[in-house]
Amino acid sequence: MKHTTTYFWLFAAFLIISSCAVREAPKGGPEDKTPPAILGVDPAEGSILLPLDASFDVTFSKTMQHENTEGAIFLSPVFWGYPRFKWSGKKLTIVPPENLRGGTTYILTIGANATDIRGNKLGRSQSFAFSTGIAIDSGGISGAIFSTDGQHIAYDIWAYALGDSGAEGFYRRIPDYATQVDSIGGFKIEHLGNNSYLVVAVNDKNDDLFWDPSSEEIGLPPSILNITSGEQIEKIILRPARRDTATAYISKATPLSRQRIAVEFSQLPQKDRMLNPDLYRISYNNDSLLNFGPPYIGENGALIFETDPQIAGRSYQLISHGLVSIWGVPFDSAGIRFTGIEMPDTVKATLQTIFPPSGSTSIYEDSLIEMTFSKGIRALTLPTAVTVMVDSIDTLRFSPAWVTPNIVRLRFPARIPREKKINVSLKADKMQDDFQNTMGDSILSFSFRLPPQDTVGSVTATLESGRVGNIIGILSNYSQEKGTYQSHLELAGGFNFSSVMPGIYRFELFADSDSNGEWSPGVISPFQPSERFLFIPDTVTVRSRWATDIGSVSLPILPR
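If you read the sequence shown in the working numbering, its first letter stands for residue 571, the second for the next number, and so on.
So, in structure tokens, the structure goes:
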């Protein structure tokens, strides 16, 4: 009987333990998609005269993933060491690695990437300000991340308080302030004191608060940002990208024949400089020079030089002066050596690309046709080799304009007719390259048809601050490869895209400070800011025969 009673109570205890040991939601219930919330912080938001040995408690509404959430915690100004974290249920205690500084405003930021145990993210960074002094600083910097590929990356936003030190070498130290972008790419750094700040966006993959150029993207600001008297600086757009800061140099020079050389680079040079023949020199026997014509981009992206005949076995040196990579890195002026070869140039040129594309019916461009060849072409042979016909009846007159030795644009005195078949034929036996090789004995042809006039719509926008330098607006189509339209700011202070194919577009504009027609991302070292940039987050829908007005837009006005 004693044994029976004992077994009964053991079995009862087992049932109680089994029913209480695991607490979880019933199987088959609705999936938990509710984001966590911050219920409170201690000390309270806005507290002043904090003791220098203070720690901070954050209470969440849900149980959080510890490691993920700790990686989203920022205490600014940033310390050299890492804070210690102590969890007690839904409460997190953050212990600074050293005592706080007197008379300083501190910002505790819980980043948007803080995640509960169900995988739900906080979604928006939240910051709380405290001070060891008698007041809390009130300056702020806000803006957004711009990404052309649509990726949503949890970028860190870092701010460096420069004081009198300047921005040079900023990447060698930890930032003073750090936060994360929210779920839609926005950011805000609050409670900044009077100072000069450098703000960057970094994909800090290893969470070490240092930018790693080998693997991490970075976006530079349009200016050093100066805050006085609690100013709020807005609309700062950062465009992160992978940058190559290693030494730039000519990596390879390969003779293709005794009069053609293919040149490769360790980094992509700025295009206008890369195609400038005045920035290169080919020498031999110490001071003798080998003449060459304007270089051009050939097959596989190599830069092609066409030269006077080289001497087989002779050593030549190709040197560049003033060449700069797209990231602002100057090229090494040491150059590269190659050995001349005897082989004559007998390779036939080929037609690489055409615009409008063959068979297209949706390209609106009605003023030019562009052809790209694999080699430089003798300009005098083109007018007799190319014919442009309308419906195989009428011949269109054109004037060739050579962009580079291998790219030609056919321009027409009047518009190319619409809704008619445009056929371009090229007699290969009459087209010669610079070495008098013909393209063959066949006739190359392609055709396209332009859409009717009433197919297109128009888009306008107005710049609030009027003309401020060279401002360029861009409409980029989300679905068409060639659907990009560019408009310079008109004297009246507006943009006018008069003939736009229907579709969904993104509108952006930038201040083209260097007048190269392209947005410049800035330079890490020596530091140069990016060009001012703005994009409209809402898409622009263009319909046939409709006029779409984006309204007023403005680039950030940066305090000096």
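We put the CB at the ideal spot given by N, CA and C, even for glycine.
Give me the Cα-Cα distance between Pro791 and Thr957, rounded to the nearest whole angstrom.
If you take the alpha carbons of Pro791 and Thr957, they lie about 50 Å apart.
Arg981 vs Asp936 beta-carbon contact at 7 Å
The answer is no: Cβ separation not under 7 Å.
Which whole-angstrom value is the C-beta distance of Ala642 and Ile680, which I expect to be below 8 Å?
6 Å
Assign Trp781 to buried or exposed, taking buried as 16 or more other Cβ atoms, counted over all protein chains shown, within 10 Å of its Cβ.
buried
Can you list, in chain order, the residues of its chain whose CB lies under 6 Å from that of Gly703, leaving out five sequence neighbours each side?
Gly673
Report the rounded CA-to-CA distance for Glu640 versus Tyr741, giving the unit in angstroms.
23 Å
By the 10 Å Cβ neighbour count, where 16 or more other Cβ atoms means buried, how is Thr685 classified, buried or exposed?
Buried, since its Cβ has 16 or more Cβ neighbours within 10 Å.
I need the DSSP call for His891, collapsed to helix, strand or coil.
coil
Between Ile618 and chain B, is any beta-carbon pair separated by less than 7 Å?
In summary, chain B is missing from the structure at hand, where a single protein chain is found.
Using only the alpha-carbon positions, how far apart do Ala595 and Pro647 sit?
Low per-residue confidence applies at Ala595: pLDDT is 44, beneath 50, and the placement is therefore not dependable, though the value from the model is reported in the following sentence. Cα to Cα, the separation comes out at about 41 Å.
Can you check DSSP and say which residues form a bridge with Ala811?
Ile788
DSSP on Arg593, reduced to helix/strand/coil?
Because Arg593 carries a pLDDT of 40, less than 50, the predicted location of this residue cannot be relied on, and the following value inherits that uncertainty. The answer is coil: DSSP assigns Arg593 none of H, G, I, E or B.
Rounded to a whole number of angstroms, what is the C-alpha to C-alpha distance between Lys1052 and Ser658?
Confidence in Lys1052 is poor, its pLDDT being 48 and thus under 50, which makes the residue's placement too unreliable to answer from.
I'd like to confirm the pairing. Which residues does DSSP put opposite Gln802 in its beta bridges?
Gly710
Neighbourhood of Glu834 by C-beta, 6 Å cutoff - its chain only, sequence neighbours within 5 removed:
Excluding sequence neighbours, Glu834 sits near Ser821, Lys822 and Ala872.
Out of Leu952, Gly756 and Pro983, point me to the one whose CA is closest to Ile977's CA.
For the residues Leu952, Gly756 and Pro983, the minimum Cα distance to Ile977 belongs to Leu952.
With a threshold of 8 Å on Cβ separation, who are the neighbours of Ser1114 within its own chain once the five nearest residues in sequence on each side are excluded?
Asp1024, Thr1025, Val1026, Gly1027 and Pro1072
The stretch 660-674 touching the stretch 615-630, judged by at least three CB pairs closer than 8 Å
yes
Specify the secondary structure class of Gly610 as computed by DSSP and reduced to three states.
strand
If you follow the alpha helix (DSSP H) that Thr954 is in, where does it begin and where does it stop?
Leu952 to Ala955
Output the distance between the C-alpha atoms of Leu645 and Tyr747, rounded to the nearest integer angstrom.
8 Å
Which of the three DSSP states is assigned to Thr1111 in this structure?
strand
Limits of the unbroken beta strand (DSSP E) element including Met941
Leu938 to Phe943
Cutoff 8 Å; reference Ser784; Cβ partners in own chain excluding five residues on either side:
none
Helix or strand or just coil, what does DSSP make of Ser1057?
strand
Tell me whether Ala998 sits in a helix, a strand or coil according to DSSP, three-state version.
helix
Since Tyr866 sits in a beta bridge, which residues does DSSP pair it with?
Ile874
Contact belief for Tyr725 with Ile711 at Cβ below 8 Å, rounded distance in angstroms
Contact doesn't hold; Cβ gap of about 15 Å is too wide.
Would you mind stating whether Ile852 and Tyr886 have Cβ atoms separated by less than 7 Å?
In contact: Ile852 and Tyr886 (Cβ atoms closer than 7 Å).
Express the C-alpha separation of Val611 and Arg593 in angstroms, rounding to a whole number.
Only weak support is given to the placement of Arg593: the predicted model assigns it a pLDDT of 40, under 50, and the value that follows is read from those uncertain coordinates. Taken atom to atom, the span from the alpha-carbon of Arg593 to that of Val611 is near 28 Å.
Round the Cβ separation of Ile797 and Gly709 to the nearest angstrom and send it over; I've been treating them as touching at under 8 Å.
4 Å
From this set, Asp627, Gln635 and Ser969, which residue's C-alpha is nearest Thr663's C-alpha?
Asp627
Quick check on DSSP: helix, strand or coil for Lys758?
strand
Suppose contacts are defined by Cβ-Cβ distances below 7 Å. Is Gly789 in contact with Ala771 by that definition?
Yes, they are a contact pair.
Span separating the alpha-carbon of Pro745 from that of Tyr730:
5 Å
Between the Cα of Ser701 and the Cα atoms of Ser995, Arg688 and Tyr676, which residue gives the shortest distance?
Tyr676
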